[in-house]
Amino acid sequence: MVSKTFINLSEDKKKAILQSAVQEFGRLGYQKASLNSIVRGASISKGSLYQYFQNKEALFNYIFEQFVLLVKRGVQEAGDTAALDFFSQVRQVFWAGIRFVDYFPEYFQVYLKVLFEADVPGRENLLAKVHLFSSEYFGPLCRDAQARGEIRSDIPVETVIFMIDALISRLLQGYALSYLDSGLRLGQRDKKDISDQVDMVLEVLKKGLV
4 MVSKTFINLS EDKKKAILQS AVQEFGRLGY QKASLNSIVR GASISKGSLY QYFQNKEALF
64 NYIFEQFVLL VKRGVQEAGD TAALDFFSQV RQVFWAGIRF VDYFPEYFQV YLKVLFEADV
124 PGRENLLAKV HLFSSEYFGP LCRDAQARGE IRSDIPVETV IFMIDALISR LLQGYALSYL
184 DSGLRLGQRD KKDISDQVDM VLEVLKKGLV
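All residue numbers for the sequence shown refer to my numbering, where the first residue is 4 and numbers rise by one.
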């Protein structure tokens, strides 16, 4: 998907190419993104770009791979959560997501384009990588929480993972895009207000609506 020529480039040159591509794909999505705009932004020729990536799809796939790696790194850098209860662990992952959106907004926009645009090549496989990471990360946490009696053991782990993944994903979408926040105004709140709102949502998840 990516050539050795690209891998061997200087870090500054690779950074310039990736930054230009992420900005273009994040702003316009896959179909409308222009390779001409990307090479202009990176100050390289189009021929050089084709030496690095076979085509537009290969470049986009590489960008999405970087997104997944950055997400994994962000969650890992949230610290050891072994001593925390389950819902505190979920809270930590949510805040890792907030930091990701703050630090890498263009990468998150690329993810949203894949999530909401059906004409992205290989869309199902790209999104499956994100959900696989959620399953790999939350699966052990859910099983440990059931063993400790923190969540019901009669609920399949896959169901718990789905609920947690959907909750975090939806909150982060609302934080990044105001028209998806269902009136919570997460993107307009300070971090203390966001924290209070998330605590309320997790409390509802923990205790239910009745």
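Think of the CB as a built atom: it goes at the ideal place given N, C-alpha and C, for glycine as much as any other residue.
All values derive from a computational prediction rather than experimental measurement.
Contact annotation: Val113 and Phe56 have beta-carbon atoms that are not nearer than 7 Å.
The criterion of a C-beta distance shorter than 7 Å is satisfied by Asp168 and Ser137. If you draw a 10 Å sphere on the C-beta of Arg94, you find 16 or more other C-beta atoms in it, and that means buried. In this structure, the beta-carbon distance from Met4 to Tyr65 falls below 7 Å. Nearest C-alpha to Leu73 among Arg43, Lys132, Asn39, Val42: Lys132.
Assignment of Leu12 by DSSP, reduced to helix, strand and coil, places it in the coil class. Secondary structure note for Met4: it is in no alpha helix (DSSP H), with a DSSP letter that is neither H nor E.
DSSP places Thr84 outside both helix and strand once states are collapsed to three, so it counts as coil. Collapsing the DSSP output to three states places Glu153 in coil.
Nearest in C-alpha terms to Ala86, of all of Leu144, Pro108, Lys59, is Leu144. Within a 10 Å sphere around the beta-carbon of Val207 sit fewer than 16 other beta-carbons, which makes this residue exposed. Taking 7 Å as the cut-off, the Cβ atoms of Glu120 and Gly32 count as close. In chain order, Lys49, Leu52, Lys59 place their CB closer than 7 Å to the CB of Leu38, counting only its own chain and leaving out the 5 sequence neighbours on each side.
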